[in-house]
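A short worksheet on the structure shown next.
2 protein chains.
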Amino acid sequence: MTSSAQNPAPSDDTSALIDGLAHSAFLTMGALTRIAADHDLSLTQLRVLAILRDRRLRMTDLADYLGLEKSTLSGLVSRAEARGLVGRAPDPSDKRAVEVFLTDDGLHLGARVTAEMTDQLAPLVSALRPAERRSLHELLAKALDATVPMKA
Amino acid sequence: MTSSAQNPAPSDDTSALIDGLAHSAFLTMGALTRIAADHDLSLTQLRVLAILRDRRLRMTDLADYLGLEKSTLSGLVSRAEARGLVGRAPDPSDKRAVEVFLTDDGLHLGARVTAEMTDQLAPLVSALRPAERRSLHELLAKALDATVPMKA
DNA sequence: ACAGTTTAGTTCGTAATACCAACCAATGCA
DNA sequence: TGCATTGGTTGGTATTACGAACTAAACTGT
């Protein structure tokens, strides 16, 4: 996949928006990279913490979320496990599969990091009036909903 | 910086929005990681391509954008340079400084990758009506403008 | 003008990250 | 049952990233 690159020609509206999304993602990544480093985490580990915040996932699914190979994940999870941030558990319905989840420590660290992220992004948010914040949130949510099936 | 974690208590509006921003950033990151891998690039190298698309930067400034140490950048840029994607040039106004810029090849690859990103994010965008797209873009732009001084 | 400090970048050594290929175990299907 | 597929791990290698130590240029104060 990730093919084409020669499509119906995206309208200006669309490409401007995508530029904005990419820009915000890059900016957020820069902030997140710094925050992660402050806690001796890589950006990837931080993402793991965020992704597992409200669910447990099998290795392969987590790899898909991250856009990484399964083999990369084995080491990643092992190191995080050694640090007491995540745990592994066998999937009862499939003896091959392994579920990964956050430990209490992992949840804690995740919460702390989230708080710092809030701090970092505060100037961005405070540039908007309350009504605009709600509006932005709504639009983002609507757009994100559409992509959930993407990973399936 | 990256301090606190105990602040006035962000309103629900704010934290919901930040969650959305983070979510969209993580999702975008996953897509970008895959796209980058397809072109034998790391996520970081992809970011370099994107950041340098419309400007040349000194090593330190680029490191700040990426949230990385200067020493990390030396190798990163060297490898990209060896691949012909970026070039180094001395800053005429400061003999210590080095400016990094994209070569034609780098620009090319950046453009291709952008196109694929557009493909990947298309489902997300097409969930919105044209008016909503404009609105989302506007709000993002407004918010992002506010953070530009952040890196200074 | 000149010593001392700061700033810009590189190099070196080490650990983490990420890939691929090869592998084992459990599933699924024919 | 037999064989391909799926889920994960292991091992080998290149990249990524950090910190510490270093050189060179620019800024300070006197």
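Residue numbers (the UniProt record's numbering), protein chains in the order written: chain Y, 1 to 152; chain S, 1 to 152. Ideal Cβ placement from N, Cα and C applies to all residues, glycine included.
Residues near residue i in its chain [Cβ-Cβ closer than 6 Å; skip 5 each side]
{"i": "alanine 63/S", "result": "Lys70 and Leu73"}
{"i": "alanine 97/S", "result": "Arg58 and Asp91"}
Below-7 Å beta-carbon distance, residue i vs any chain S residue
{"i": "phenylalanine 101/Y", "result": "no"}
{"i": "alanine 152/Y", "result": "Confidence is the limiting factor: at alanine 152/Y the pLDDT is only 30, short of 50, which leaves the residue's position unreliable, though a coordinate-based value still follows. Chain S contact via Cβ: absent."}
{"i": "histidine 23/Y", "result": "yes"}
{"i": "leucine 41/Y", "result": "no"}
Separation of residue j from residue i, as counted between CA atoms
{"i": "aspartate 38/S", "j": "glutamate 116/S", "result": "10 Å"}
{"i": "histidine 137/S", "j": "glutamate 99/Y", "result": "38 Å"}
{"i": "methionine 150/Y", "j": "serine 93/S", "result": "Per-residue confidence for methionine 150/Y stands at a pLDDT of 40, beneath the threshold of 50, marking its modelled position as unreliable; no derived number is given."}
{"i": "leucine 17/S", "j": "threonine 60/S", "result": "31 Å"}
{"i": "leucine 21/Y", "j": "aspartate 40/S", "result": "23 Å"}
{"i": "alanine 141/S", "j": "serine 24/Y", "result": "9 Å"}
{"i": "leucine 85/S", "j": "alanine 122/S", "result": "27 Å"}
{"i": "phenylalanine 26/Y", "j": "alanine 89/Y", "result": "34 Å"}
{"i": "threonine 14/S", "j": "leucine 68/Y", "result": "31 Å"}
{"i": "arginine 56/S", "j": "arginine 56/Y", "result": "43 Å"}
{"i": "alanine 131/Y", "j": "glutamine 120/Y", "result": "21 Å"}
{"i": "glycine 87/Y", "j": "aspartate 12/Y", "result": "46 Å"}
{"i": "aspartate 19/S", "j": "valine 77/Y", "result": "24 Å"}
{"i": "arginine 134/S", "j": "leucine 107/S", "result": "27 Å"}
Proximity to residue i [Cα-Cα], best of the options
{"i": "leucine 46/S", "options": "Ala131/S, Ala80/S, Ser24/S and Leu124/S", "result": "Ala80/S"}
{"i": "leucine 144/Y", "options": "Ile35/S, Ser126/S, Leu76/S and Leu32/S", "result": "Ser126/S"}
{"i": "threonine 114/Y", "options": "Gly84/Y, Asp61/Y, Leu66/Y and Thr33/Y", "result": "Thr33/Y"}
{"i": "alanine 82/S", "options": "Gly67/S, Leu66/S and Asp105/S", "result": "Asp105/S"}
{"i": "threonine 28/S", "options": "Ser78/S, Ala146/S, Arg133/S and Leu124/S", "result": "Leu124/S"}
{"i": "alanine 31/S", "options": "Lys95/Y, His108/Y, Tyr65/Y and Thr118/Y", "result": "Tyr65/Y"}
Beta-carbon contacts of residue i that lie in its chain and below 7 Å, excluding the five residues immediately before and after
{"i": "glycine 110/Y", "result": "Leu49, Ala50, Arg53 and Leu102"}
{"i": "lysine 95/Y", "result": "none"}
Within-7 Å CB hit, residue i to chain Y
{"i": "alanine 141/S", "result": "yes"}
{"i": "aspartate 54/S", "result": "no"}
{"i": "valine 125/S", "result": "yes"}
{"i": "arginine 34/S", "result": "yes"}
{"i": "histidine 137/S", "result": "yes"}
{"i": "aspartate 13/S", "result": "yes"}
Contacting residues, own chain, Cβ-Cβ under 8 Å from residue i (five flanking each side not counted)
{"i": "serine 4/S", "result": "Residue placement at serine 4/S is poorly supported in this model, since its pLDDT is 45, which falls under 50; the coordinates still yield a value, given next. Closer than 8 Å at Cβ, skipping near neighbours: no residue."}
{"i": "glycine 75/S", "result": "none"}
{"i": "alanine 36/S", "result": "Ser42, Leu43, Gln45, Leu46 and Val113"}
{"i": "leucine 139/Y", "result": "none"}
{"i": "leucine 128/Y", "result": "Leu136"}
{"i": "threonine 118/S", "result": "none"}
*Could you name each continuous beta strand (DSSP E) segment of 3 residues or more that falls completely within the UniProt domain "HTH marR-type" (1-145) of chain Y, going from the start of the chain to the end?*
86-90 and 98-102
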